[in-house]
Amino acid sequence: MIRLAITVGEPAGIGPDICLELARTAPPGDLELTFVGDAGHLLGRAAALGQAVRIEPFDPHQPAAAAAPDTLRVWQVDLPRSPPPGRPDPANALALLEGLDHAVAGCLDGRFDAIVTAPLDKGVICDAGIPFSGHTEYLAARTGTAQVVMLLVAGTLRVALATTHLPLRQVPDALTIDGLTGTLRILDHDLRSRFGIARPRIAVCGLNPHAGERGHLGREEIDVIGPAIVAGQALGLDLAGPLPADTLFTPARLAPFDAVLAMYHDQGLPVLKYAGFGQAVNVTLGLPIIRSSVDHGTAYDLAGSGKADAGSLRAAVTLAAELVRAGR
Ligand SMILES: NC(=O)c1ccc[n+]([C@@H]2O[C@H](COP(=O)([O-])OP(=O)(O)OC[C@H]3O[C@@H](n4cnc5c(N)ncnc54)[C@H](O)[C@@H]3O)[C@@H](O)[C@H]2O)c1
Ligand SMILES: N[C@H](C(=O)O)[C@H](O)COP(=O)(O)O
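Sequence positions in the sequence shown follow this note's numbering and run 192 to 519.
This is the structure:
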């Protein structure tokens with residue numbers, strides 16, 4: 192049995208909708224799904240969507256078992272306010288983080304095999320006065336992990352990020368030789384151990400247009416990215432770069448590589464999402480636990496409408512289960 196904790200995400204967004212959709216059909220027999228959230232809020236959203244569901248309270252002492260179709264096993268986390276679709280309320284921020292904490296603790300103590308997260312609104316949590324730049328950074332801090340790597344997967348395209356949720360202005364200063372070398376090591380290690388790629392070939396993007404044009408359009412490729420690649424190669428990693436990102440992200444040039452390391456969020460993710468939005472998965476590498484997530488956000492415009500596509504959540508569940516099986 193593979194036991195997954197699924198955090199429901201921002202309650203005013205489409206997290207509840209896609210969790211309900213996931214529960215509508217029975218998962219494969221070897222999956223136990225436990226939704227971490229507020230059962231009353233889920234029932235309210237189900238009613239708005241015209242979906243009949245049963246709630247089964249999560250009991251950590253029960254042996255793992257798949258739930259029946261249209262049944263949500265819920266680890267109850269009370270929301271102070273049950274917001275209407277599209278109207279997030281910072282009053283819920285602490286409860287949302289508490290749900291994440293439960294899921295992490297459940298993974299660390301062995302009750303769950305992995306966490307799958309539905310989308311949160313980072314800004315709403317910050318509005319509550321809690322600095323929060325994303326699940327990736329939060330899970331690193333909660334598990335005491337010094338460095339993690341965000342990887343998004345869409346079919347055979349895998350894009351990792353050297354920096355995650357940073358204002359663009361801060362990106363160049365955040366790139367260091369040691370930091371990039373660490374990112375490349377984690378990426379190489381997890382592609383081998385979790386994705387079963389015997390000798391990962393990794394393409395490393397430059398930061399500047401045309402990878403800096405030999406220093407005429409920026410020096411990060413010469414001063415930082417190139418030396419990090421050399422350091423990684425000295426460790427035995429199969430790396431190429433720094434490569435101009437615009438032409439690297441074309442099918443023929445991507446073909447020889449198992450993954451791309453992009454230097455910042457909007458260098459890598461628009462390409463990945465163009466290729467696979469709705470079916471892609473976000474995975475956090477380097478954590479002591481397995482964590483996957485959807486490729487999309489809270490989509491307030493669709494919450495409660497019945498139009499949210501649960502494809503990425505399904506793909507995140509499938510990938511989490513594969514990663515668990517690969518580690519057994
Ligand atoms: N995993 C996460 O927690 C996560 C991921 C991405 C964005 N976010 C957060 O979500 C919030 C909104 O971000 P955004 O507006 O940039 O992106 P978004 O993904 O919420 O929405 C972008 C567009 O895609 C559509 N869309 C998104 N998911 C869909 C689905 N499942 N089915 C059909 N259409 C869908 C939306 O309707 C919208 O038109 C932000 O606060 C952002 O930080 C969270
Ligand atoms: N960078 C992600 C994306 O664009 O899909 C997203 O914001 C979620 O990040 P976390 O998993 O760190 O919350």
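Quick reminder that beta carbons are idealized off the backbone N, C-alpha and C, glycines included.
All of these numbers come straight from a predicted model, not from anything done at the bench.
CB contact flag (residue i, residue j, <9 Å)
| i | j | result |
| --- | --- | --- |
| R302 | P251 | yes |
| V451 | A402 | no |
| L430 | I420 | yes |
| L170 | K464 | What the structure shows of the chain is the stretch from 192 to 519, and residue 170 is not part of that stretch, so it cannot be assessed. |
| A512 | D221 | yes |
| A345 | V244 | no |
| P279 | A239 | no |
| G397 | P433 | yes |
| P400 | P358 | no |
| V227 | A196 | yes |
| A286 | V268 | yes |
| R383 | R390 | yes |
Best match in the options for proximity to residue i [C-alpha to C-alpha]
| i | options | result |
| --- | --- | --- |
| T367 | L285, A309, P418 and R516 | P418 |
| T334 | A294, L211 and V315 | A294 |
| L514 | G495, L476 and S496 | L476 |
| Q470 | L478, P479, S483 and D449 | S483 |
| G204 | E223, F468, S273 and A305 | S273 |
| L330 | R410, G497, I413 and A305 | A305 |
Coil, strand or helix - residue i by DSSP
| i | result |
| --- | --- |
| R215 | helix |
| V362 | helix |
| R385 | coil |
| V244 | coil |
| N399 | coil |
| E201 | coil |
| T372 | helix |
| I306 | strand |
| I480 | coil |
| V137 | Since the first and last residues shown for the chain are 192 and 519, residue 137 lies out of range. |
| R444 | helix |
| P420 | Reading the sequence as shown, one finds Ile at residue 420 and not Pro. Helix at I420. |
Point to revise | Nearest-residue set for ligand 1, Cβ under 5 Å from any heavy atom | key: Here the list is P310, L311, D312, K313, S484, H487, G488, T489, A490, D492, L493, A499 and D500.
**Study point:** Meets three-Cβ-pair contact criterion under 8 Å: the segment 474–490 and the segment 223–232
**Key:** They do not touch, by the three-pair rule.
Review point. Are at least three pairs of beta-carbons, each pair with one atom in the segment 495–507 and one in the segment 197–209, less than 8 Å apart?
Key: Touching, yes.
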